[in-house]
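Report on one structure; see the data block that follows.
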Amino acid sequence: MSLLVVGSVALDSVETPFGRVENALGGSAVYISTAASYFTKPIRCVGVVGGDFPQEHLRFLEEHGIDLDGLQVVKEGRTFRWAGRYHYDLNNRDTLLTELNVFSAFDPKIPDNYRRSAYVCLGNIHPGLQRKVLDQISKPRLVVGDTMNYWIESTPQELVETLKVIDVLILNDSEARLLTREPNLTKAARVIRGMGPRIVIIKKGEHGALLVTEETIFSAPAYPLENLYDPTGAGDSFAGGFIGWLAKTDDLSDANLKRAVIYGSTLASFCVERFSVEGLRDLSPLKIQDRFRAFMDLSRFDEA
Ligand code: AMP
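Okay, here's the thing in structure tokens:
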């Protein structure tokens, strides 16, 4: 099934205890689209870049079969830039730079041939813009939305309106607590469900993810990686793997949502093994399936 992805397309500079990259390919739309590309086609990517955006990055996206007709290029502008630094605790990062550039005036225009996309993933952008995207789409089957601390704190009312029109909210534990002022994550997920999304996924970094629907609470483990170099994009790769699997199977049962959470975790685990998008560059169905099975083994146990 078709998948529409809207979000940032960025040049990231990232430093971790294990190395650094400058102006590497990044952005929420990039990670989501690339992760989802291993599951479904077509993937329609809507975002904006400046005239300085390298051709090799466009080639990377095209090589993953991502349709770029919706990618606006503002020739005279500069691409969105983000810089971050991670310490030994890779769960926490310092944002060193957020240079919005062409992203500050981003007005997502959905091309006519994208308007009937069945699955929609709204990456981390202003919640008002997320709604503006949805106003241009005709009856999607599933809308997944992502958000971050910044929007929860600076545009809470806009976010509340957006939550009413999305089906799945994916956010991390600190964001869930901030949004609901509820320290207990299971209760926080219930509160968020009351705000609109019928499905809530709370990511807990190296402690896995929690899926909450009306009838199901599912706790997914995180993959115990020994080689973890750059956590940038893990959350977006999770969203891409999650919605990619659902778009491929077009099955929204709770049992399949659980599989989608594990595919999301699988793609996130590949993402963090290398810098920038390199961990997502050369995956194959076999590699993905092997890791999916490793996830199954991680928490399978029997009654005595
Ligand atoms: P994640 O690690 O999954 O939270 O996502 C990291 C990506 O988010 C990086 O590639 C950044 O370019 C992008 N990013 C960082 N800040 C913002 C922002 N304010 N709006 C949109 N994208 C952002």
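The sequence shown: position 169 = 179 (this note's numbering), numbered continuously.
Note that the Cβ used here is the ideal one computed from N, Cα and C, for glycine as well.
Cβ shell of residue i (< 6 Å), same chain only, five flanking positions each side left out
i      : result
Val19  : Gly37, Ala39, Val40, Gly57, Val59
Gly289 : Phe280, Cys281, Glu283
Glu25  : Arg95
Asp260 : Met11
Pro231 : Gly218, Leu308, Ser309
Ser148 : Arg125, Arg126
His74  : Thr44, Ser47
C-beta contact flag for residue i and residue j at 8 Å
i      : j      : result
Asp62  : Arg88  : yes
Glu185 : Thr223 : no
Ala304 : Tyr233 : yes
Asp246 : Ile120 : no
Ala199 : Ile180 : no
Leu144 : Val178 : no
Ile272 : Phe311 : no
Gly17  : Arg54  : no
Leu13  : Thr44  : no
Arg141 : Glu171 : yes
Val287 : Leu78  : no
Other residues of its chain near residue i: CB distance less than 7 Å, five sequence neighbours each side excluded
i      : result
Gly29  : Tyr239, Phe285
Glu86  : Gly61
Asn33  : Leu21, Ser23
Leu267 : Ile209, Leu221, Thr223
Phe113 : Ser18, Val58, Phe90
Gln146 : Ile120, Arg125
Environment of residue i [buried if 16+ CB atoms lie within 10 Å]
i      : result
His67  : buried
Asn123 : exposed
Ser127 : buried
Thr190 : buried
Ala93  : buried
Ser294 : exposed
Ile227 : exposed
Same chain, Cβ closer than 8 Å to residue i, five either side skipped, listed in chain order
i      : result
Leu188 : Asn159, Ile162, Glu163
request  = For the region 91-103 and the region 232-242, state whether three or more C-beta atom pairs, one from each stretch, are separated by less than 8 Å.
outcome  = yes
ask   = Can you give, in chain order, each stretch of the beta strand (DSSP E) that sits fully within the region 102-182 and has at least 3 residues?
value = 103-109, 129-132, 152-156, 178-182
task = Flag this pair as touching only if the region 150-160 and the region 122-135 have three or more C-beta atom pairs under 8 Å; answer yes or no.
result = yes
query = What are the complete beta strand (DSSP E) segments, minimum 3 residues, inside the region 209-244?
reply = 209-213, 219-222, 227-230
query = How about the region 271-278 and the region 249-259: do they share at least three Cβ pairs that are nearer than 8 Å?
reply = yes
message = So within the region 237-303, which uninterrupted alpha helix (DSSP H) runs reach at least 4 residues, ignoring any that extend past its ends?
response = 244-259, 264-281
key: Minimum length 3: unbroken beta strand (DSSP E) runs contained in the region 28-95   = 29-36, 53-60, 81-84
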